[in-house]
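Novice:
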Amino acid sequence: MSRLPALLAGLLLAGSALAQAGPEPVVPEGPPRPGEVLEDPDFGVRTGQFGLERTVEMYQWYRDANGDFQRVWKAGLVDSSGYPATHRNPDAMPVEPQRWWAAAPTLDGYPLDPSVLRALGRWETFRPAFTRLAANLAATFQPEGDGLSSADNPLDPQVGDLRLRWRELQLPELAGRVELVDGRWQLSPGTASAALNARPLPPVDVPEADDEPDDRRRWWPLLAGLLVLAGGMAWWRRRK
Numbered sequence: 039m040s041r042l043p044a045l046l047a048g049l050l051l052a053g054s055a056l057a058q059a060g061p062e063p064v065v066p067e068g069p070p071r072p073g074e075v076l077e078d079p080d081f082g083v084r085t086g087q088f089g090l091e092r093t094v095e096m097y098q099w100y101r102d103a104n105g106d107f108q109r110v111w112k113a114g115l116v117d118s119s120g121y122p123a124t125h126r127n128p129d130a131m132p133v134e135p136q137r138w139w140a141a142a143p144t145l146d147g148y149p150l151d152p153s154v155l156r157a158l159g160r161w162e163t164f165r166p167a168f169t170r171l172a173a174n175l176a177a178t179f180q181p182e183g184d185g186l187s188s189a190d191n192p193l194d195p196q197v198g199d200l201r202l203r204w205r206e207l208q209l210p211e212l213a214g215r216v217e218l219v220d221g222r223w224q225l226s227p228g229t230a231s232a233a234l235n236a237r238p239l240p241p242v243d244v245p246e247a248d249d250e251p252d253d254r255r256r257w258w259p260l261l262a263g264l265l266v267l268a269g270g271m272a273w274w275r276r277r278k
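Using our numbering, you'd call the opening residue of the sequence shown number 39 and step up by one each time.
1. When DSSP labels each residue in this structure, what does residue 171 get in the three-state scheme?
2. Considering residue 32, what are the terminal residues of the beta strand (DSSP E) in which it resides?
3. Residue ranges of each beta strand (DSSP E) run of no fewer than 3 residues wholly in the segment 77-143, ordered along the chain?
4. Assuming residue 140 and residue 73 form a contact by the criterion Cβ under 8 Å, report the distance between their Cβ atoms to the nearest whole angstrom.
5. Suppose the cutoff is 7 Å on Cβ atoms and the five residues either side in sequence are ignored; what does the same chain contact list for residue 134 look like?
6. Among the residues of its own chain, which have a CB less than 7 Å from the CB of residue 65, if the five just before and after it don't count?
7. Whose C-beta lies closer than 8 Å to the C-beta of residue 100 among residues of the same chain, with five residues either side of it excluded?
8. Leaving out five residues on either side along the sequence, give the residues of the same chain with a beta carbon under 6 Å from the beta carbon of residue 178.
9. By alpha-carbon positions, which one of 102, 203, 207 ends up nearest to residue 138?
10. Excluding the five sequence neighbours on either side, which residues of its own chain have a C-beta within less than 6 Å of the C-beta of residue 68, listed in chain order?
11. Report the rounded CA-to-CA distance for residue 161 versus residue 105, giving the unit in angstroms.
12. Mapping DSSP to helix, strand and coil, what is residue 185?
13. Look up residue 158 in the DSSP assignment and say whether it is helix, strand or coil.
14. When the Cα atoms are used, what is the spatial distance from residue 193 to residue 184?
15. Tell me whether residue 229 is buried or exposed, calling it buried when 16 or more other Cβ atoms sit within 10 Å of its Cβ.
16. What do you get for residue 165, buried or exposed, if any count of 16 or more other CB atoms within 10 angstroms of its CB means buried?
17. From which residue to which residue does the beta strand (DSSP E) around residue 217 run?
18. Short check: CB of residue 80 to CB of residue 204, under 8 Å?
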């Protein structure tokens, strides 16, 4: 009869630990929603996705490692101050690249943390309609491929010509990748860890040694209960 109390005590402790572990995480049901439509105010390009990006390239002179000059498309301004006068580039980019993010994205009616967009979003090129292009810009730029070009002849661009493209940020399926914390969708611990390993981030403050994350503290009672249960069963087998 003395063996039963120890076994019951182990089972009670294990059940208590499971109760303290908290409820099952909430699983997203609907698709995420970006909120308001994003727009490039200069060119009237719009998207209903979670981000909008304008990329800009300029046709410029470039001197390679062998000292030879060639004309290439470059996203950044090539410093030509040391080049001959016949191979000088413009001093500035007349149109700058720009990026816009969804200000209030939601999932199942709850806010979606911006870190989810930055960690899981995929930038995809798309072709705008250019129906909102201002008259002065329409006189300078013409459609080329998926974007715009300032070249009179896209097959024969000149130094200083611009080429613009747009990309939109799309989100994948979020089930299993986010969790609802204090009424806000955030990256799940596993997804956040994978994102940290996939791309370099600036250094962060390291917590004190006794400052354990909440999820780790949550599992200690369960582990203790299982250890007690295992000890009680081992003792019961030995007495048997």
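C-beta: ideal position from N, C-alpha, C; glycine also.
Specialist: Once the coordinates are examined:
1. In the sequence shown, counting from the first residue as 1, residue 171 sits at position 133. In the structure shown, residue 171 adopts coil according to DSSP, grouped into three states.
2. Since the first residue shown for the chain is 39 and the last is 278, residue 32 is missing from the structure and cannot be characterised.
3. Correct list: 83-85, 89-101, 107-112, 136-139.
4. Here residue 140 is taken as the residue at index 102 of the sequence shown, counted from 1. Here residue 73 is taken as the residue at index 35 of the sequence shown, counted from 1. With a Cβ gap of about 6 Å, residue 140 and residue 73 count as contacting.
5. Position 96 of the sequence shown, counting from 1, holds the residue named residue 134. So the list reads 94, once near-sequence residues are dropped.
6. Taking the sequence shown and counting its residues from 1, one reaches residue 65 at position 27. Here residue 65 has 213 as same chain residues with Cβ atoms under 7 Å from its own Cβ, once five neighbours each way along the sequence are excluded.
7. As a working mapping, residue 100 is identified with position 62 in the sequence shown. Excluding residues within five positions, the ones whose Cβ falls inside 8 Å are 107, 108, 109, 110, 112, 116.
8. Working through the sequence shown from its first residue, we reach residue 178 at position 140. Within its own chain, the residues whose Cβ lies closer than 6 Å to the Cβ of residue 178, once the five positions on either side in sequence are excluded, are 188, listed in chain order.
9. Against the sequence shown, residue 138 aligns to sequence position 100. Its Cα nearest to that of residue 138, the residue 207 stands out among 102, 203, 207.
10. On the sequence shown, position 30 is the one that residue 68 refers to. So the qualifying residues of the chain are 146.
11. In the sequence shown, counting from the first residue as 1, residue 161 sits at position 123. In the sequence shown, counting from the first residue as 1, residue 105 sits at position 67. Straight-line Cα distance between these residues: approximately 35 Å.
12. Translated into the one-based positions of the sequence shown, residue 185 becomes position 147. In the structure shown, residue 185 sits in a strand (DSSP, three-state: E or B).
13. Residue numbering aside, residue 158 sits at position 120 when the sequence shown is read from its first letter. Looking at residue 158 - three-state DSSP - the assignment turns out to be helix.
14. Position 155 of the sequence shown holds residue 193. Position 146 of the sequence shown holds residue 184. If you take the alpha carbons of residue 193 and residue 184, they lie about 15 Å apart.
15. The residue you call residue 229 lines up with position 191 of the sequence shown. Here residue 229 is buried. Its C-beta has 16 or more other C-beta atoms within 10 Å.
16. Working through the sequence shown from its first residue, we reach residue 165 at position 127. Residue 165 should be labelled exposed.
17. Position 179 of the sequence shown holds residue 217. Residue 217 -> beta strand (DSSP E) spans 216-219.
18. Within the sequence shown, numbered from 1, the residue matching residue 80 stands at position 42. Within the sequence shown, numbered from 1, the residue matching residue 204 stands at position 166. For the pair residue 80 and residue 204, the CB atoms are not nearer than the 8 Å cut-off.
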